[in-house]
Structure formats: structure tokens, C-alpha cells
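Working notes for the structure below.
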Amino acid sequence: MQNNNEKIKILEKSISEISEMLDRKEISSVELTKLVLEQIDEIDPEIKAFITVCKNEALEQAKEADKRIINGNRLSKLDGVPISIKDLICTKNIKTTAASKMLADFVPAYDATIVERLKNAGAVIVGKTNLDAWAHGSSTENSDFFTTRNPYNLDYVSGGSSGGSTAAVASNMGFASVGTDTGGSIRQPAGFCNVVGLKPTYGRVSRYGIVAMASSLDQAGPFTKTCEDAGILLEVMCGHDTKDSTTIPGKKFQANKIQKANFKNQNDNIKLKDLKIGLPKEYFAEGLDSRIKERVIEKVELLKKMGAKVKEISLPMTDYALAVYYILQPAEVSSNLARYDGIRYGYSVANDKSQILSIKNLEELYLKNRGEGFGDEAKRRIMLGTYVLSSGYYDAYYKKAMKVRTLVCEDFKRAFSEVDAIITPTSPTLPFKIGEREQNPLAMYLADVYTVGANIAGIPGVSIPVGFIDELPVGLQILGPMWSEELILNIGKLIEDRRNK
Ligand code: GLN
């Protein structure tokens with residue numbers, strides 16, 4: 213239909229723009245979906261963002277959307293819009309692998325609540341994206357299948373664990389994606405790939421049907437090109453779910469409020485009356501790439517010019533947050549991964565007739581199934597987790613970490629009594645080269661130093677694109693108190709700075 217330039221121009225649009233085109237019938241959902249599928253065919257062999265592409269299902273969903281559009285029954289701004297889903301989130305009749313050998317052939321019989329809600333809003337699901345197996349990692353290098361490449365430089369990682377999702381949105385293979393964030397897996401890869409990534413308040417979005425990593429930290433959220441689009445997805449995904457008792461009833465989020473919350477938007481001359489921004493000194497200290505610091509400060513200066521008040525604050529527990537995370541998270545991981553034994557479902561050596569006869573007893577079967585089905589990183593976390601939970605060390609590690617978790621929460625509470633929102637870099641470094649940190653798990657864990665706090669405290673955080681350094685994307689993080697998604701997306705909207713690829 214179009215030449216390549218026209219095609220890319222369409223694929224680069226935001227959801228709110230493409231939604232208007234669909235409303236005006238300038239393009240149909242089937243045409244749009246075909247363009248996205250063509251783009252995947254063309255680009256993905258290089259980027260490797262997708263584990264599964266659902267061509268037929270997507271075209272069917274698009275056809276249905278077109279019927280509704282023609283009849284004037286469009287369900288939402290997402291109706292007919294192609295998006296992708298991290299392969300940690302269950303999709304009925306479509307393989308959901310968690311990027312692990314253990315679940316390589318697992319086909320769920322049901323949709324996760326968020327998938328059901330996205331489908332009910334008319335979203336077209338084009339495929340399932342790559343991740344670090346079980347969401348353990350910061351680069352997708354821990355995927356049991358392959359590593360996703362950064363679309364801005366193929367030698368670099370796309371971040372993780374949701375690196376497939378961010379690479380897909382960044383390279384126009386769908387208008388949005390949905391991922392999960394346990395310690396930064398939405399915000400860090402968003403920052404690495406020039407997209408917006410929102411981790412909602414804990415309890416805002418249902419976790420039902422999402423392969424659990426660390427249940428007290430996990431939240432699902434959107435990847436989009438703009439903050440406004442993130443609001444469109446969050447509005448559809450959020451809300452109480454009887455299947456997840458940690459979701460909170462009565463908390464509404466309305467995307468159309470994105471322009472109005474908490475501060476006055478007077479004509480084009482934006483005045484941020486009464487908005488107080490905090491810069492935590494611990495997040496601008498040693499270890500931060502000075503060029504990233506400069507870029508973040510430039511954006512803060514912009515907010516100041518609009519009238520925001522900016523002050524330095526302190527989050528004294530920052531140093532301990534990463535340690536708390538790397539105790540509590542593996543503890544919960546070890547418990548959540550205990551269910552994968554290959555007996556009921558998942559990888560089993562017993563499926564191989566030549567092996568089954570050599571297995572002497574049940575214990576050996578468990579050992580072999582889990583030994584072969586889990587990769588190194590999952591094993592590392594299971595060992596750390598069972599260690600900190602073991603009777604001899606529970607008090608010294610797990611219990612103590614739980615106490616420090618409370619202190620981290622209090623840190624943020626105190627901060628939010630002084631300021632409305634906090635701005636930090638999303639990551640201390642630019643995207644790193646593929647392979648660079650593979651042999652050094654500790655260096656990899658340090659990539660999460662600015663993001664884990666929000667998960668520990670359950671507060672929302674968004675990473676927005678703020679340009680490039682050395683042709684690699686830079687992310688800026690905005691944190692707010694619980695249930696302040698409207699506010700942080702509004703602030704993000706004022707300073708987001710995305711350059712099309
Ligand atoms: N990178 C962090 C980890 O490896 C966070 C992962 C996540 O948020 N899923 O634990």
C-alpha cells in the first residue's frame with residue numbers, strides 16, 4: 213500500500229494519534245496490523261524482540277475491531293491498535309514461556325486479567341516478547357532462548373527484564389507493550405530504549421495470570437511512546453480484580469485527566485504552581501555517569517522555569533534498598549519457583565522415553581527436571597532464596613531485611629511530606645554492551661540501584677525518554693506517593709523528549 217517512508221510515519225505515531233486515524237477511517241485495523249506484522253518480519257530477525265508472533269490471531273482480532281469501527285461501536289482508544297505482551301503474562305491458547313526452558317511449550321488455558329481487559333478494550337495482540345528468563349535480569353541476556361538487541365545500537369543490550377517489549381516499541385513493532393516490574397524491569401529497559409515505561413502503585417494492577425517472580429514486589433505496566441499513551445493503557449489495565457486480593461477496590465484512574473492533575477495548565481504558558489520536586493542526593497552521588505546527571509538536571513531546570521520548586525532531599529536508606537531487594541526478592545523467587553517440578557506441567561526429562569528408564573526415584577526425577585529446566589540465574593536465586601529463608605539464617609537475613617523494608621518505606625513517606633514528586637536518573641549508566649556484564653552478576657544487580665526502592669515501598673514510578681548520549685538513549689525517573697500515577701505522568705508529559713528512530 214504505502215512506500216516505506218509513509219509506512220514508517222504511520223508506525224511511528226502514538227496511540228492517541230493512530231486512534232484518531234482509525235476513528236476517521238483513514239486506515240483500518242487490518243491494514244495497520246499488517247503493517248506491524250510486516251515490520252516484525254523485516255526488523256525482528258535483527259532485533260530479536262519476539263518469542264512468538266501471533267499473525268493469524270492478530271488479524272482475526274483486527275477484523276473484529278474493523279467491524280466495530282464501521283458500526284460506530286469503537287470500544288476505546290485502544291480498539292484496533294496492535295500491541296505486544298511480555299512473555300511472562302498468560303495468553304489463552306498462545307504459548308507463554310517466561311523465556312525459560314521450563315515453560316518452553318506451555319500453552320495457558322486462560323488469559324491473565326490484564327490481557328482479558330486489554331482484549332475487552334479491543335487491543336490487537338501481535339505477539340509475545342522476550343525477557344530474561346522468569347524476569348530475572350537487567351539485559352535479556354538471561355533469556356534461555358536469545359538476547360534482544362538495542363534498536364539504537366545492535367551491539368548493546370535493550371535492558372531488562374522486559375527488553376523485548378521496549379525494543380519492540382522502540383522499533384515500531386507495535387504501538388505499545390505490556391511488561392512487569394519487580395525491581396526495575398519496566399523502567400530500566402524503557403530508559404535504555406527511548407520509550408516511556410510506567411510501574412504502577414502496588415495493588416493498582418492485577419497480577420492474576422502473570423508468572424510470579426516476587427509477589428510482594430511485582431506490578432505490571434505499560435510501555436508506550438508518550439506519557440499520555442501510558443495513561444490510556446493504565447486506564448484499561450487497572451482496577452480491582454477478585455482473582456488478586458492485593459488489588460485495591462475503589463481506586464480509579466482516568467487517562468483524560470492526564471493534562472489537568474494537581475497543577476494549572478494555563479494556555480501554552482504552563483505554570484506549575486505549588487509543584488514541589490525533590491532531588492534525592494543519594495541518587496546523584498558516586499557511580500552515576502556525569503553526562504546522565506547533566507541531562508536529568510537540564511530537565512529539572514525546565515520544570516523550574518515553568519514554576520516548579522525544586523529542592524534537594526535525602527533518602528538515607530538508599531544504600532540498603534538494593535541489599536533488601538536482593539534478600540527479599542530471591543526469597544520470594546525460591547518459593548514461587550518451587551512449583552515447577554515437571555510433574556504436572558513444564559519441562560520434564562520423563563517426556564524423553566530413553567531417559568525415563570534410567571530414573572530411579574521421585575527425588576531423582578525432581579532433581580533432573582529442575583536441574584535441566586532452570587538456567588543459571590534462576591538456580592542462583594533459588595539457592596540464595598532458600599539460604600536466607602533457612603531456619604538458621606531466617607532471623608539474620610530475611611527478618612532483618614523485612615525490618616529495613618519498613619525503614620525504606622518510611623524514607624519515602626517522609627520525603628513525600630516535603631515534596632510532591634521525586635526526580636532521579638532511571639539508571640546510573642547508559643545501555644551496556646552485550647556480554648559486558650554477563651560474567652559479573654553483581655555488576656548486573658547494580659543496574660537496579662535507582663529502581664528497586666519504588667518496588668520495596670510499593671510506590672509508582674515512570675521512566676521517560678530524555679534524549680541521547682553517544683547515540684544511546686537516556687531515561688529519567690519520576691517517583692510519586694502511592695496512587696499518584698496521574699501526577700507523575702503529567703510531569704513526565706511536560707519534559708518527555710522522544711526522538712523517533
Ligand atoms: N533487574 C532486577 C532483577 O534482576 C529486576 C527484575 C525485574 O524487575 N523483574 O531482579
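Going by this note's numbering, the sequence shown wraps up at 713, each residue one higher than the last. Positions of the beta carbon are idealized from the N, C-alpha and C atoms, including for glycine.
| query | result |
| --- | --- |
| CA nearest to the CA of V381, picked from F644, I634, S228, P434 | P434 |
| N-terminal and C-terminal residue of the alpha helix (DSSP H) that F496 is part of | Taken as a continuous stretch (DSSP letters only), F496 belongs to no alpha helix (DSSP H), as it is neither H nor E. |
| Backbone secondary structure at T663 - three-state DSSP | coil |
| Local Cβ density within 10 Å of D317, reported as buried at 16 or more and exposed below that | exposed |
| According to DSSP, residues forming a beta bridge with T638 | The partner list for T638 (beta bridge, DSSP) is empty, contrary to what the question assumes. |
| Any non-hydrogen atom of the ligand GLN within 7 Å of D393 CB | yes |
| Opening and closing residue of the beta strand (DSSP E) in which F680 lies | 673-681 |
| Whether S370 touches P401 by CB criterion (8 Å) | yes |
| Rounded straight-line distance, which links the Cα of N342 to that of I227 | 22 Å |
| Candidates G558, V248, A627, Y610, of which the one nearest E494 by Cα | A627 |
| Range covered by the alpha helix (DSSP H) that runs through F624 | 612-630 |
| Straight-line Cα distance separating S696 from A473 | Any reading at A473 must be qualified, since the residue scores a pLDDT of 48, below 50, and its modelled position is unreliable; no value is offered. |
| Nearest neighbour of R711, chosen from C621, E698, I681, P693 [CA to CA] | I681 |
| Distance between beta carbons of I525 and G490, contact taken as under 8 Å | 4 Å |
| 4-residue-minimum alpha helix (DSSP H) runs that sit fully inside the stretch 321-384, ordered along the chain | 325-332, 375-382 |
| Distance between P412 and I703 (C-alpha atoms, nearest Å) | 15 Å |
| Burial state of D588, where buried means 16 or more other Cβ atoms lie within 10 Å | exposed |
| Burial state of K645, where buried means 16 or more other Cβ atoms lie within 10 Å | exposed |
| Classification of M385 by the beta-carbon crowding that lies within 10 angstroms, buried from 16 upward | buried |
| Whole alpha helix (DSSP H) elements within the stretch 500-538, 4-residue minimum | 502-517 |
| Residues that A645 bridges to, as DSSP identifies them | It is Lys, not Ala, that sits at residue 645 in the sequence shown. DSSP, once it has assigned bridges, lists Y368 as partnering K645. |
| Cα-Cα separation between E272 and I337, rounded to whole angstroms | 10 Å |
| Sub-8 Å separation of K331 and F262 beta-carbons | no |
| 7 Å Cβ shell around A608 - same chain, five flanking residues per side excluded | none |
| Where T311 sits in the DSSP three-state scheme | Before going further, note that residue 311 is Ala rather than Thr in the sequence given. Note: A311 maps to coil in three-state DSSP. |
| Any non-hydrogen atom of the ligand GLN within 7 Å of A347 CB | yes |
| Closest residue to I239 among E258, L223, D531 (Cα-Cα distance) | L223 |
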